[in-house]
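Chains as they are written, first to last, in my numbering: chain A, 930 to 1308; chain B, 930 to 1308; chain C, 930 to 1308; chain D, 930 to 1308.
C-beta atoms are modelled at their ideal positions from N, C-alpha and C, and glycine is treated no differently.
Keep in mind the model is a prediction, meaning the values are calculated, not measured.
Remarks on the structure that follows.
4 protein chains.
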Amino acid sequence: MKTLNIGLVGYGFMGRTHSNAFLQAPRYFQLPYKPVLKALCARNADRAKAFADNWGYESIETDWRKLVERKDIDLIDIASTNDTHHDIAIAAAKAGKMVMCEKPLGRNAEEAKAMVAAVEAAKVPNSVWYNYRRVPAVVLLKHLLDEGKFGRIFHYRAKFLQDWTISADLPQGGEGLWRLDVKVAGSGVTGDLLAHCIDTALWLNGSISEVTAMTETFIKERKHNLTGKVEPVGIDDASAFLCRFKNGTLATFESTRYARGHKALYTLEINGEHASAAWDLHDLHRIQYFDHKDEGRVRGWRSVHITDSDHPYMKHWWVPGLQIGYEHTFIHQFADFVQAAAEGESIGPTFRDGLATDYVTDAVLKSAGTKKWETVPAA
Amino acid sequence: MKTLNIGLVGYGFMGRTHSNAFLQAPRYFQLPYKPVLKALCARNADRAKAFADNWGYESIETDWRKLVERKDIDLIDIASTNDTHHDIAIAAAKAGKMVMCEKPLGRNAEEAKAMVAAVEAAKVPNSVWYNYRRVPAVVLLKHLLDEGKFGRIFHYRAKFLQDWTISADLPQGGEGLWRLDVKVAGSGVTGDLLAHCIDTALWLNGSISEVTAMTETFIKERKHNLTGKVEPVGIDDASAFLCRFKNGTLATFESTRYARGHKALYTLEINGEHASAAWDLHDLHRIQYFDHKDEGRVRGWRSVHITDSDHPYMKHWWVPGLQIGYEHTFIHQFADFVQAAAEGESIGPTFRDGLATDYVTDAVLKSAGTKKWETVPAA
Amino acid sequence: MKTLNIGLVGYGFMGRTHSNAFLQAPRYFQLPYKPVLKALCARNADRAKAFADNWGYESIETDWRKLVERKDIDLIDIASTNDTHHDIAIAAAKAGKMVMCEKPLGRNAEEAKAMVAAVEAAKVPNSVWYNYRRVPAVVLLKHLLDEGKFGRIFHYRAKFLQDWTISADLPQGGEGLWRLDVKVAGSGVTGDLLAHCIDTALWLNGSISEVTAMTETFIKERKHNLTGKVEPVGIDDASAFLCRFKNGTLATFESTRYARGHKALYTLEINGEHASAAWDLHDLHRIQYFDHKDEGRVRGWRSVHITDSDHPYMKHWWVPGLQIGYEHTFIHQFADFVQAAAEGESIGPTFRDGLATDYVTDAVLKSAGTKKWETVPAA
Amino acid sequence: MKTLNIGLVGYGFMGRTHSNAFLQAPRYFQLPYKPVLKALCARNADRAKAFADNWGYESIETDWRKLVERKDIDLIDIASTNDTHHDIAIAAAKAGKMVMCEKPLGRNAEEAKAMVAAVEAAKVPNSVWYNYRRVPAVVLLKHLLDEGKFGRIFHYRAKFLQDWTISADLPQGGEGLWRLDVKVAGSGVTGDLLAHCIDTALWLNGSISEVTAMTETFIKERKHNLTGKVEPVGIDDASAFLCRFKNGTLATFESTRYARGHKALYTLEINGEHASAAWDLHDLHRIQYFDHKDEGRVRGWRSVHITDSDHPYMKHWWVPGLQIGYEHTFIHQFADFVQAAAEGESIGPTFRDGLATDYVTDAVLKSAGTKKWETVPAA
């Protein structure tokens, strides 16, 4: 079987989930290519070596430019910090590599736009790791929506709640804390958490027309680990917006890292003319589904456990009643990517889909400043 | 409108729920008779007077024999301790009164049998206050079962869990604690809690053939408030049994006052060929319902909120989404009783139904002693 | 005991809940006055008579002006449509009556302001029936907040979701449907549903500074029952807003009658520095409570069943584990009102509190039109 | 690093979960040996080859006797049908191999006893794949119990409910259906499902003294795929028992494949003097925990999401809020096994632990026949 040689940039949390996907996908899915973990790239050679050994990468690089130039690499996978996405992706595309990139695509739409242009000019398969599109429960929602089971959609609401930055003693920047450093991350929860909610929403319910938003930085100054000084915090700690979709749906979105008691509570709910549904990441293998066509006396929200063989992706796993985990969403995305790539196709979320999300997050951040409704450009 | 003159014996917890039912039923239901709170009977005249004043009883008695003899009383309602049920009910029936009696009917089947004989000989409307038969959610289950929506019933399971007697310092007997005194109560959780589970089960799923049981008294001695001495505890603190129904259903039942964290957790679940359902008293206005005929992908347990006008009894109350409470089950039972009594009929649970439950509880207690399966007589 | 003579205007849904409160409160609470259902007022004499008979009102009136003039009335309770609140309340206050008024206080803040002026000038006890302030679970939240258990409040979110107007065949106006007629109701879900959310929020978390809002009328024309013609719909079907509280809290609010599957789903959640809590009206006797001080390994959202004697109001009712219902909130409010009135005091929500909510709903409706952030005046 | 050469027997559902564990464990845990997938053994050479290729086994065997004889194998892992466990395990032990064996250990205690004797005589590390002992949530329960947080245990209840054999058209025997063939499986749900419940219970709460049980075969005859004939069904479709533990706990256990709506609903609950806890396999990364020491007003069942780094095993996986899946329990067991094996130790559940469970299941099946309480021998 033909191989698909992978060069991964970054060995953090996302480097692990992607590597796991490369290794697990071929065990559970029929893939047209055999994935080969060819090279791991990171600036710290010792750590890169340790990571490569653990996951079975054949070699390491300490400069992503070298990785991109290597002839024996088919796919560049970007799992490094947000400030590196733009340069690596464009270089990889120019080198004719397939590109997968962690979310958000750019730190802003301007960066993302250039990245889209690059992959589209190079005609290389590309995808952004908005992995929640491949939770089986979320895919089922997509199917039900596309089949028209909901009718006209009146309402959409999503939120992503965490609580890990409430302490004022937490520094910004440095190892594992770059998400608090606006220069590296681009924004706070808007690009980190709301972006997930937006990507799913655009996929499920189409384009967003306009937004009115509010953001807040609750802790105004934090020590920066790299400088050792207390510096102003540039990111948004919380971000919420109201919006209208092109199809007339009204929606509310919210994300924060100051919601005590919630770790990764991404929830969404859709209210349609005939049916409603809800999902949440803390119990990711369930959907709550309400079908108005059920007989009145016994009409209720169904708690559907998404573990049966007729549920998306689940025939590849265990038996009914037994759950899979968070990391499986990456396995699904990679399996789909490889299958499409063999045909020269890209699966969604493509880079262009990633740009669409960046347009919304840019509008949200802008509206929070102007205190006006802002229009969202089409991607 | 003709009046229905009520004489109530007992002013405890159940005296309050019954009095509330007498007052509330005519506001919400069309009754053929106007209930009149004629007399309240209890040994302590001062307390009886206070209770009568609060609830609007026209008079008091301190001897139930006098109450039963009064010509101006149509219905004797027994809400006093278990050891008084037998004598009062039989005397009331002989005096030609309608009789409502708190559960369990007798302290044992022998007492209950005599009570049944008395009301049936006198042909007076009679009922036992197994109030959970009139939770709207439970009535809905009955309707669904009777319509055949479940098909063959494979399994039934019920439990009633409390935690209020875990402390060894709690005395047995005296004010509010007579349920720990075996002479007064007849038994412990078997007659108090399991009896509820059994009554509902017999109503929903028919007769029980045989049982194997286990009981335990965790705290062996407690101070008795009336004697002031530490005395052996005669009641069962916990009671569980396996059984087979006449229709072939296998069942498990359990009750205890030693289940930390549960206050009045009466739960039941029925598994049929085509459907399953579950209910619990802590969220009494919901049923969980699973219908195998639903489309596979979106098949799940429906959480049905029993507050719509097409749900049993609910058109008499508020609007969809708004709950009623525990005490409403008594209102429903009294309204049904009065409507049937106007036709000379009795509603279930009749005294004969109460006897059926006592036969099961007797068999449970016997089996716990013999350590054998015991057959349940037909009521 | 001194009597409190009540004159009720209106016999609809709210007329029933208030009447029930008048009758039930003295059975369960020690009241300084004995409530007497003196007169029921409604335009249709036959219906008024039937209602009065059912609930035990001694007399009827068909013109509220006459009711207000009666010397034998101490308290005027307004349960008629929103367009009548202003005139009746002001007349009642001028006549020196205590006044209780259904929510919202006015159809807008201008009406409400005049009503506040009237009761404050007359120095009469007054209250608005925002009954959810007296759900035991919500009162517990208030206590916990006031004790400082949450620390700084970062987030508040509330929504009130219904689905009863989705059908385009539903008329506006006429019997039971006046809530769809903007002239009678003043607004749609903003005044009907959001107003509840706002009242609770102001009570729990203090004043709101500014809002940005969005409203929608999904069904633009409906037949009007009174004219028989298809007419434009003037109410808002859905309404959502973002806001900031004076204390720095960020909040999202939403209400709609187009959320399939929800009947009266009023939910609220508060995220504080040390603790979080959530409540919902569909399971109104529970709170979800998260305390960060719990040991890490077993830290979780506690589902607290608000049925114990140490929970607000619950010692007046049954025993642990047994729920009360929706209508009990009115009983609590009336009991509190009477107790305060005996001291010449008013309980919250007073008319002034009702005005505060009307200021917010006015700002919401204004912002939906201007598409700008709007400042909320202090009440 | 030293290698651990593995020979696996069986390529069914369990062959997959074990193979996954061998591959994943070294990526997430520091192991003293490097696992090598040396050989896969199954009777059908073509299928064995396909399975070996997919999972990376270096070679295949079609006779387990040959596998056991191979010098290059350190560990024999038995994932074949129940009727093969006894012979393979004993031969493997005699050959000095470490042995891991799927549950139940034997088809009955007699088989299991011989297997225990063999591994103990050979002093080889051994373990039975009762994988639910290594769900992080269940391990947390074990820790809390061992620390004494529950005090005296009054009650234990467990059930394992499925619904996959309700159809009378389902054959017994043959591919994937051997669990319905009593000769192969040994018993029905007692050995398949109850055995899991029992293993966990013995681990958490100590020995069981005596049982009274009831079993049922709802569908009496089914076509046998291997003979093509309709034959009597020898297995138990449902099995329930009451029991007493050595420590005085009362317990109820139940399992069935006829509980419509449940796929793999293994639930357990423990009620202690000071605390209670519950867990269920359908939401396997949560425990419900009730601590009586919490302040009364806010005391409730805590829903603890077992995804934090201070939860058992979880620091090896992702970040708080993100779940792992069913298959991870096998990874944990294998990682623990290898770590102990490097010290010449066995981890629980050892073969002796497996025998203890077989003693209980034997007593359950016996009691169902004798209709008497049966004593459970010590393992």
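Legend entry - Separation of residue 1121 of chain A from residue 1140 of chain A, as counted between CA atoms: 18 Å
Legend entry - Cβ-Cβ separation, residue 1126 of chain C to residue 1089 of chain C (assumed contact under 8 Å), whole Å: 5 Å
Inset, instruction - For residue 994 of chain B, decide whether its Cβ has a neighbour in chain A, counting only Cβ atoms nearer than 8 Å. - result: no
Inset, instruction - Tell me where the beta strand (DSSP E) around residue 1088 of chain C begins and ends. - result: It spans 1082-1090 - the beta strand (DSSP E) in which residue 1088 of chain C sits, taken as one unbroken run.
Legend entry - Closer than 8 Å at the beta carbon, the chain C residues around residue 1218 of chain D: 1227, 1229
Legend entry - Contact check, residue 1248 of chain C vs residue 942 of chain B, beta carbons under 8 Å: yes
Legend entry - Closer than 8 Å to chain D by CB, residue 1224 of chain A: It does not; no Cβ of chain D falls within 8 Å.
Legend entry - Three-state secondary structure (DSSP) of residue 959 of chain C: Coil.
Legend entry - C-alpha distance - residue 1291 of chain C paired with residue 1188 of chain C, whole-angstrom precision: 23 Å
Inset, instruction - Determine, using beta carbons only, whether residue 1237 of chain B comes closer than 8 Å to chain G. - result: The question asks about chain G, but that chain is absent: this structure's protein chains are A, B, C and D.
Legend entry - Near-chain B residues of the stretch 1114-1137 of chain D (beta-carbon distance less than 9 Å), N- to C-terminal order: The stretch 1114-1137 of chain D vs chain B, Cβ under 9 Å: nothing.
Legend entry - Below-8 Å beta-carbon distance, residue 1232 of chain D vs any chain B residue: Contact of residue 1232 of chain D with chain B is not assigned, every C-beta pair being separated by 8 Å or more.
Inset, instruction - Out of B/972, B/1015, B/953, state which residue places its alpha-carbon closest to the alpha-carbon of residue 985 of chain B. - result: B/953
Inset, instruction - Using the Cα positions of residue 1030 of chain D and residue 1009 of chain D, report the straight-line distance between them to the nearest angstrom. - result: The straight-line gap from Cα to Cα measures roughly 9 Å.
Legend entry - Simplified DSSP assignment, three categories, for residue 968 of chain C: Note: residue 968 of chain C maps to strand in three-state DSSP.
Inset, instruction - Say whether chain C places a C-beta atom closer than 8 Å to the C-beta of residue 1089 of chain A. - result: Taking Cβ atoms only, chain C never reaches closer than 8 Å to residue 1089 of chain A, which makes this a no.
Inset, instruction - Kindly indicate if chain A contains any beta-carbon less than 8 Å away from that of residue 1248 of chain D. - result: Residue 1248 of chain D has a beta carbon lying within less than 8 Å of a beta carbon in chain A.
Inset, instruction - Report the option in A/976, A/934, A/1162 whose CA atom is closest to the CA atom of residue 1113 of chain A. - result: A/1162
Legend entry - Segment contact, 8 Å Cβ cut-off, at least three pairs: the stretch 964-972 of chain A with the stretch 1275-1294 of chain A: no
Inset, instruction - Name, going along the chain, the residues of the stretch 1066-1090 of chain A whose beta-carbon falls closer than 9 Å to a beta-carbon of chain B. - result: 1069, 1072, 1073, 1078
Legend entry - In DSSP terms, what residue 1152 of chain B is bridged to: For residue 1152 of chain B, which the question treats as bridged, DSSP gives the partners B/1159.
Legend entry - Own chain partners of residue 1129 of chain D with C-beta closer than 8 Å, once the 5 adjacent residues on each side are dropped: 1059, 1061, 1062, 1067, 1087, 1197
Inset, instruction - Identify the contact partners of residue 1240 of chain C in chain D, using a Cβ-Cβ distance below 8 Å as the criterion. - result: 1226
Inset, instruction - Closer than 6 Å by C-beta to residue 1261 of chain D: which residues in its own chain qualify, once you throw out the five before and the five after it? Chain order, please. - result: 1063, 1242
Legend entry - Among D/1224, D/1282, D/1220, the one whose alpha carbon lies nearest that of residue 1077 of chain D: D/1220
Inset, instruction - Give the single residue among A/1080, A/1027, A/1041 whose Cα lies nearest to the Cα of residue 1272 of chain A. - result: It is A/1027 whose Cα lies nearest to the Cα of residue 1272 of chain A.
Inset, instruction - Using only alpha-carbon positions, find the residue among B/1222, B/1191, B/937 that is nearest to residue 1209 of chain B. - result: B/1191
Inset, instruction - Determine the direct distance from the alpha carbon of residue 1304 of chain B to that of residue 1175 of chain B, and round the result to whole angstroms. - result: 11 Å
Legend entry - Supposed close pair residue 1037 of chain A, residue 944 of chain A - CB separation, criterion 8 Å: Contact annotation, residue 1037 of chain A with residue 944 of chain A: C-beta distance approximately 24 Å; criterion of less than 8 Å not satisfied.
Legend entry - residue 1308 of chain C versus residue 1135 of chain C: straight-line alpha-carbon distance, rounded: 12 Å
Legend entry - Straight-line gap, residue 1118 of chain C to residue 1165 of chain C (C-alpha atoms, nearest Å): A direct Cα-to-Cα measurement between residue 1118 of chain C and residue 1165 of chain C gives close to 6 Å.
Legend entry - DSSP-derived helix/strand/coil call for residue 934 of chain A: Reduced to three states, the DSSP call for residue 934 of chain A is strand.
Legend entry - Short CB-CB distance (under 8 Å) between residue 1097 of chain B and chain D: no
Legend entry - Test: residue 966 of chain C CB closer than 8 Å to a CB of chain A: no
Inset, instruction - Measuring only between beta-carbons, confirm whether residue 1208 of chain C sits less than 8 Å from chain A. - result: no
Legend entry - chain B contact for residue 1193 of chain C (CB, 8 Å cutoff): yes
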